[in-house]
Amino acid sequence: MAGEEAERLAASAAAAWGEAEEGEGKPGAGAKKRKRYGLVEYRALPGYLRDNEYIHRHYRCEWPLPQVLLSAFSIHNETLNVWTHLIGFFIFLALTIYTATQVPNVVDIQSLQHLPDVLRNADIHKIQAELLSCLPSLPHLPDLQNLKDELKSSWNSMEVLPSLSRWHLLELLSNCLPQRFSHTNETSLSVLQSMKEEIANMIAPQLIRPIARWPFYAFLGGAMFCLFASSTCHLLSCHSRRLAYIMLRLDYAGIAALIATSFYPPVYYSFMCYPFFCNLYLSFITILGVATIAFSLLPVFQNPEFRTIRAWLFFGMGASGVIPVLHKLVLFWHQPEALHTTGYEVLMGLFYGLGALVYATRVPERWMPGKFDIAGHSHQLFHVLVVAGAYTHYHAGLLYLKWRDLQGC
Ligand SMILES: [Zn+2]
């Protein structure tokens, strides 16, 4: 079977680059060896490598692994598919490093740092009154150490609840009691002043603690995994039926991972003050992502009739993102950050949507078959649009981070 295949390949290798370089009609002994690893036409491909009949030439077919790996640096009809996503991978690697080292500077720490001063200058009686109902020891004002311990322990227990940010805490403090301490004795002014200092010093570190970063890094990791898996899939699949099968599964897993992790920043940062919805949406997309990956890995779903179901699964995963985005708009319609992030999300949807359309319709090569074999065919455009969509989502993620770092809930 292998010999038969080799014969067939050699016979149909009219378009092989090796032969073209040697010159027409001069197949010497050296050329014969190069022909074996030359590029072939679509009709010379085994069934599992036939994917797009509008791309006629420049296929690699069952090359040994060293040649396949080196082909990343030669011209064939997958070269740009490999590099569009490999460059995309390096872009996201750079963005991850940038995020880890530079992004905390995006947060306007300066605007937070003056808050302790605001507290120091606030109405001393008001602060005391607000704290009175929350803190039973407050009537014994001279006992400042007790008060301090009490504040600390109540904040520590509140920190356990993810829904309570430092901002929510301030809100609780300011709403916790009517002005029960309005008959303050003026002589206790120095004690009150000292208490206010203590409170300001305790609240200040709470104010500059950053919001969790893991949802943003989960997205960056998902994007890098997807882009790298896709790039290696395009490079290696031509080696053998077995490797093509493995790489294609990995490619599907990468797409599912990108879609699922893309939900994490918008859902987490939009609903961090609504833990029920936050957990609901995150669980839903995680389960759907794992199910899609498991579904794609099962050998029985390799059959062509399951291709449509798989495509619908990916589409359904992406389209379900409309629900949390609309929910976010309902909750935060009055906040400019909610509108700005939605603008980025719409733009991302357009990139991905256009990518899916180009992918499905195989435009432009269907209009001029054989003319876009090396450059300009639909899959390359699809790859560029995926990177553009993910890059747009990165910017939306930065906005979410800034929004929550500055405002909390
Ligand atoms: Zn691809």
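As numbered in our numbering, residues 1122 to 1530 make up the sequence shown, in order.
Every residue gets a Cβ at the ideal spot worked out from N, C-alpha and C, and that includes glycine.
Taking a cut-off of 8 Å on C-beta distances, the stretch 1493-1512 does not touch the stretch 1444-1461, as fewer than three cross pairs fall below it.
Shown in chain order are the residues whose CB sits closer than 7 Å to a heavy atom of ligand 1: Asn1202, His1206, Ser1351, Cys1354, His1355, Asp1372, His1500, Phe1503, His1504. Residue nearest to His1498 within the set Leu1160, Ile1380, Asp1172, Arg1164 is Asp1172 (criterion: CA-CA distance). DSSP, reduced to helix, strand and coil, places Tyr1175 outside both helices and strands of the structure shown, so it counts as coil. Your pair Ser1391 and His1206 does not check out as a contact, with CB atoms roughly 29 Å apart and the cut at 8 Å. With 16 or more other Cβ atoms from the protein chains shown falling within 10 Å of its own Cβ, Ser1358 counts as buried.
Under the three-state reduction of DSSP, Tyr1373 is assigned to helix. When rounded, the separation of the alpha-carbon atoms in Ile1408 and Leu1201 is 33 Å. Pro1485: not part of any alpha helix (DSSP H); DSSP gives it neither H nor E. For Gln1501, the enclosing alpha helix (DSSP H) covers residues 1499-1528. Between Ala1193 and Val1203, the CB-CB gap stays under 8 Å.
Sequence-distant Cβ neighbours of Tyr1480 in its own chain, meaning closer than 8 Å and more than five residues away, are Ser1499, His1500, Phe1503.
The way I'd put it, the stretch 1426-1438 doesn't touch the stretch 1362-1371; fewer than three beta-carbon pairs between them come closer than 8 Å.
Rounded to whole angstroms, the gap between the alpha carbons of Val1189 and His1360 is 7 Å.
Arg1164 sits exposed, since fewer than 16 C-beta atoms from the chains shown fall within 10 Å of its C-beta. Non-local C-beta neighbours of Val1388 in its own chain, meaning closer than 6 Å and more than five positions away in sequence, comprise Tyr1402, Leu1403, Pro1445, ordered along the chain. If you draw a 10 Å sphere on the C-beta of Phe1340, you find 16 or more other C-beta atoms in it, and that means buried. Look at Tyr1180 here: in three-state DSSP terms it is strand.
A direct Cα-to-Cα measurement between Lys1492 and Arg1362 gives close to 27 Å.
A distance below 8 Å between beta-carbons, with the five flanking residues on each side excluded, links Arg1370 to the following residues of its chain, in chain order: Ser1417, Leu1418. In terms of Cα proximity to Leu1520, the closest of Val1411, Phe1337, Ile1208 is Phe1337. Per DSSP, Val1224 is not a residue of any alpha helix (DSSP H), being assigned neither H nor E. Cβ atoms of Ala1415 and Gly1375 stay farther apart than 8 Å, at about 15 Å. If you look at Phe1453, you'll find it in the alpha helix (DSSP H) that goes 1443-1453. Our two residues, Leu1478 and Tyr1175, have alpha carbons roughly 16 Å apart in a direct line. Per the DSSP secondary-structure output, Val1161 pairs in a beta bridge with Tyr1180. In this structure, the CA atom of Leu1186 is about 14 Å from the CA atom of Ser1195. Taking a C-beta distance under 8 Å as the contact criterion, Leu1506 and Gly1476 qualify as a contact pair.
Exposed is the label assigned to Phe1211, since fewer than 16 other Cβ atoms lie within 10 Å of its Cβ. Taking all protein chains shown into account, Met1489 has fewer than 16 neighbouring C-beta atoms within 10 Å of its C-beta and is therefore exposed. For Phe1405, the CB contacts under 8 Å within the same chain, skipping 5 residues up- and downstream, are Ser1441 in chain order.
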